[in-house]
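I have placed the structure first, in the form of structure tokens, so that the comments after it can refer back to it.
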Amino acid sequence: MADTTAAATYGSYLKIDELLSLQQPRSEGPEHDELLFIIIHQVYELWFKELLHEFDRVSRVLTGDEPHRAQHTLKRILTILKVMVAQLDILETMTPLEFLSFRARLEAASGFQSDQFRQIEFVLGAKSETAIARFPEASRAREALVRRHQAPTLWDAFLHYLSREGYPVPAAQLSRNVTAQAEPSPDIQTILIDVYRSDPKNAELCERLVDLDEGLQEWRYRHVKMVERTIGMKRGTGGSSGAAYLATTVGRPLFPDLWEIRGHL
Ligand code: HEM
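This is the structure we're talking about:
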């Protein structure tokens, strides 16, 4: 029986043995760069897990009318996003030929199949039933995605918060179908203009949401550039057209109302 009385150590608390056993290259040799490729993706998945944890907190504290805590958590999220963008520099030290030395061994594996990335998109409002259908029924990934799909988004939590702050958020917005992508709304834009002009506390919160939107777009832009420099216009292992598909996802805002109003301030 395991000794449950022993004091935790660095190794036991962080499960270092398990962690270090999880990097398993598939290439013969194995090829030198495959370890970096595996580690960087695993690190991203850990950051995705942490981001989801923090997004849940932002929604929770907004629902509890604690805007300062929401600001604080958003600041942490933005710092993580900066690190995530910077990490792409490491992978860009891998040349096209170094990647080709093991690319075939990835078979159909692709970041396209990261359910946590899709969960992040769902939390931030980019909902898609097609994305759910790509994951096997009853899998952990599918169940997590279905849960996120049915839950209100961060933007929904923000609109409910604004309503409790006294802003005239239309009832239709507050009771909208949260499984659908939120549409830009002239009524919300009028409210946001008011917030920016006369409510510094909530205007700051809006600015952090714009930072978040821009931060994710920055990751998408850097990822597509990295893809272009590594595989050019080849198709992706996940079955898409590759860089051409990824380019269509760059520049699509998460919170369109916050971008729309900027020209009217
Ligand atoms: C040499 C490095 C990389 C290459 C060549 C690459 C290539 C691609 C390609 C071609 C796609 C489009 C889907 C497909 O058909 O496969 C894609 C999607 C994706 N990749 Fe990468 N990728 C790389 C590194 C990474 C890293 C480090 C991450 C971090 C997790 C990542 C996350 C994603 C995600 C989340 C998507 C889905 C994006 C979307 O659908 O909007 N990729 N990647």
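The numbering used here applies: residue 1191 is where the sequence shown begins, and numbers increase by one. A virtual CB, placed ideally from N, CA and C, is assigned to each residue, including glycine.
Within the stretch 1239-1303, complete alpha helix (DSSP H) segments of at least 4 residues are found at 1257-1281, 1286-1293, given in chain order. Boundaries of the alpha helix (DSSP H) harbouring Phe1312: 1305-1313, taken from the DSSP string.
Of all alpha-carbon atoms in Val1417, Ile1381, Tyr1411, Glu1404, the one lying nearest the alpha-carbon of His1454 is that of Ile1381.
When secondary structure is reduced to three states using DSSP, Ala1347 falls in the helix class. Using a Cβ-Cβ distance cut-off of 8 Å, the stretch 1306-1315 and the stretch 1286-1293 are not in contact, since fewer than three pairs of beta carbons, one from each stretch, lie closer than that value.
Short note on Tyr1435: C-beta closer than 8 Å to some heavy atom of ligand 1. The three-state secondary structure of Tyr1357, taken from DSSP, is coil.
Apart from sequence neighbours up to five positions away, the residues of its chain that approach Val1385 with a beta-carbon distance below 8 Å are Leu1352, Tyr1357, Asn1392, Ala1393, Cys1396, ordered along the chain. Only residues of its own chain outside the window of five on either side were considered, and among them Val1368, Thr1369 have a CB closer than 8 Å to the CB of Gln1340, listed in chain order. In this structure, Asp1401 sits away from Trp1449, with a CB-CB distance that is not shorter than 9 Å.
Its Cα nearest to that of Ile1230, the residue Ile1280 stands out among Tyr1200, Ile1280, Leu1271.
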